[in-house]
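Chains as they are written, first to last, in our numbering: chain A, 1 to 272; chain B, 273 to 544.
Cβ coordinates follow ideal geometry from the N, Cα and C atoms, glycine included.
None of the values given here were measured: they were computed from a predicted structure.
2 protein chains.
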Amino acid sequence: MDPRPITDTGWQRTGKLWSSLKEVCDLLRIPVTAAVADHDTLFQHVQFKAGQRIHTIGQPFDVLYVVNSGFLKTVMIDVFGNEQILSFPMKGDLFGVDGIHGRRYESEAVALTNCDVILVPFKKFTALGKAHPELEAAIYGVMSRELIREQSMVTMLGSLSAEARVARFLVNLSERFSELGYSGKQFNLRMTRHEIGSYLGLTLETVSRTLSAFNEMGLISVDQRAIDIKDFNALKTLRRLPPSRTRDKQKLAKAAAAAAAAGAAPQQFAAA
Amino acid sequence: MDPRPITDTGWQRTGKLWSSLKEVCDLLRIPVTAAVADHDTLFQHVQFKAGQRIHTIGQPFDVLYVVNSGFLKTVMIDVFGNEQILSFPMKGDLFGVDGIHGRRYESEAVALTNCDVILVPFKKFTALGKAHPELEAAIYGVMSRELIREQSMVTMLGSLSAEARVARFLVNLSERFSELGYSGKQFNLRMTRHEIGSYLGLTLETVSRTLSAFNEMGLISVDQRAIDIKDFNALKTLRRLPPSRTRDKQKLAKAAAAAAAAGAAPQQFAAA
DNA sequence: CGTTCAGTTGAGGCGGATCAACGGACGTGG
DNA sequence: CCACGTCCGTTGATCCGCCTCAACTGAACG
């Protein structure tokens, strides 16, 4: 059904590495105590190439995943077969949490670029939580954070216009890149317009048009996947594009002329 | 902004009761072991009247809440001041989880009817989890379940038509009532059209019209808040109403509904 | 150099929002 | 008890934002 060639689940074991508990906690932005820092538990890394699937829907749940490098997407498929992108995990993000409840993953995760992912066996993780109360609290905290993220998505999908969604998407990406020490102004999108649209509840055409509109307005500069944010504040406070006549006078004039020529003026211009 | 008189947070201590750990677990549909069943920890009940607020945004987080009886709503307010209803907790549902991460509630909860709610101090809960591993696993499971619920909401808001959303809303309510031993066919809505609309990302008018349309099609019977589900299967498989001009002729509508129930996939979603 | 997929752009239509009017339920106070 | 205001729900008319369909360009790749 998905035309993209997704290599079936299978690790790339080149560059096999292991990370300490402290390194994992640092990635997850969990403050560590001395006891945790000294712990000698190691967590395995696994490499995936772009297009490979990390886990699929229905696959038995064993491990949580923490992104060490690279970009991914997580996808849920509803009862009618609609595909919906839920998140774009990147460095420091956790995924696989939806597998805890039913002991099977409810979503699938796919690498958008080559990735380095740390496997965190859930059993081992909670066992460590028992020994280190502050770690346990952090685990709950991370799960709660994920829940809040989803709630924000619901709020966005429920009330924002297409332009506001795209603007927030760019702002969020920018802030995440900044936190990781990369440029929050210039970056490359790792996903297609279609994937952005799925994430935001829009069509790929609307995403493309909105980016073009931002470009024309001077808020950003776009060239394919390359984004350069020119006016971060405007993006952050944007709710709805200003009326189109302020955007491009030529096209309005053309449209108005066409409408006049047509005799029977379409209602939207008759009102104005 | 909200015209309704919401009495400020303040308990009604009439009918003060306490529940055992086992009773709380049963409510949450957590399987209990003998050790847990015999535990003597007690959890306090609190009563709220319709319209009262259980917790507000920004209020320090201490406790999780489990609904023993009554109906509530949880509301989030985004950066632009948009109000969004996130859930309608009822008997056996947990809320307040979004407070764990930042030690403050990110949403507010309001009683839609008189309610009896159990306070579960989070510290006490996790401490019990330490003593009873299977309980701890269940706590993680409940939080994961909430996350999956939100993911389903995102998927719904991202891809379903207005009619499909309302249909799913009714189906979900029906199934929840059935699980609680109430009638899944006949029940009263506890919320206004406006609140349903906020929850589903629609306007109250669209909700009202859609319910009327279902009524005309014979899928349900509606009278104000009273719902009677006539054709559960059609609701469950509905994706999009037949075109309005065919809807005027009731017979054609019925035929279309039958086709939908038969599993014939409408073209617009089958491709995706 | 063809093929395929990503992205852009245009034209047009539809679904749902918006604006508006109305009836009914409910509570409140005369 | 009824008069009145308020909120809830329904329904109609209109508008417009986004989807849909379509054509085209350019990039990546064998």
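Going by DSSP, Met76(A) is part of the beta strand (DSSP E) stretching over Leu72 to Ile77. From the listed residues Arg240(A), Ile30(A), His39(A) and Ala226(A), the smallest Cα separation to Ala167(A) is found for Arg240(A).
With 16 or more other CB atoms across the displayed protein chains lying within 10 angstroms of its CB, Asn68(A) is buried. Around Met153(A), the beta-carbon contacts reaching into chain B at under 7 Å are Val426.
For Arg193(A) and Thr210(A), the gap between their C-alpha atoms comes out near 11 Å.
According to DSSP, Tyr65(A) shares a beta bridge with Phe95(A) and Leu119(A).
Scanning its chain for C-beta atoms nearer than 6 Å, with the 5 sequence neighbours on each side dropped, one finds no residue around Lys124(A). Cβ neighbours of Leu474(B) within its own chain (closer than 6 Å, five residues either side excluded): Ala434. For the options Thr113(A), Ala164(A), Glu108(A) and Ala35(A), the alpha carbon positioned closest to that of Gly51(A) is the one of Thr113(A). In this structure, Val369(B) and Ser107(A) do not form a Cβ contact; the two beta carbons are roughly 19 Å apart against a cut-off of 8 Å. The beta carbon of Gln84(A) sits closer than 8 Å to some beta carbon of chain B. In chain order, Ser159, Leu160, Ala164, Thr237 and Arg239 make up the part of chain A whose C-beta sits under 9 Å from the C-beta of Phe352(B). Taking C-beta atoms as the reference points, Phe61(A) and Leu72(A) fail to come closer than 8 Å. According to DSSP, residue pairing for Phe43(A) in a beta bridge involves Ser19(A).
The Cβ atoms of Val335(B) and Pro393(B) sit closer than 8 Å to each other. No Cβ of chain A is located within less than 8 Å of the beta carbon of Leu299(B). Asp298(B) is not a Cβ neighbour of Gly342(B), given a cutoff of 8 Å. For the C-beta of His101(A), the chain B residues within less than 7 Å are, from N- to C-terminus, Gly413, Ser416, Arg417 and Ile420. For Ser107(A), the chain B residues whose C-beta falls within less than 8 Å of its own C-beta are Gln423, listed in chain order. Take the alpha-carbon of Asp500(B) and the one of Ser424(B): they are about 25 Å apart. Interface criterion not met: the Cβ of Met90(A) is under 8 Å from no Cβ in chain B. By the C-beta density criterion, Glu195(A) is buried, having at least 16 other C-beta atoms within 10 angstroms.
When Cβ-Cβ separations below 8 Å define contact, Thr126(A) makes contact with chain B.
For Asp370(B), the residues of chain A that pass the 8 Å Cβ criterion are Ser144, Leu147, Ile148 and Gln151, in the order they occur in the chain. Around the beta carbon of Lys321(B), fewer than 16 other beta carbons sit within 10 angstroms, so the residue counts as exposed. The beta carbon of Asn215(A) lies closer than 8 Å to those of Ser221 and Val222 in the same chain, with the five residues before and after it left out. The DSSP-derived three-state label of Ala213(A) is helix. If you check the CB distance, Leu429(B) and Gly92(A) do not come in under 8 Å.
Bridge partners of Ser87(A) according to DSSP: Thr74(A). When rounded, the separation of the alpha-carbon atoms in Gly184(A) and Ser450(B) is 50 Å.
Take the alpha-carbon of Val32(A) and the one of Gln47(A): they are about 26 Å apart. With contacts defined as CB atoms closer than 8 Å, Ile54(A) and Val142(A) fail to qualify as a contacting pair.
Put simply, the backbone Cα of Arg190(A) is about 7 Å away from that of Arg225(A). Non-local C-beta neighbours of Leu160(A) in its own chain, meaning closer than 8 Å and more than five positions away in sequence, comprise Arg168 and Arg239, ordered along the chain. Contacts with chain B (Cβ-Cβ distance below 7 Å) from the region 176-196 of chain A involve no residue at all. For Val426(B), the enclosing alpha helix (DSSP H) has its first and last residue at Pro405 to Ser431.
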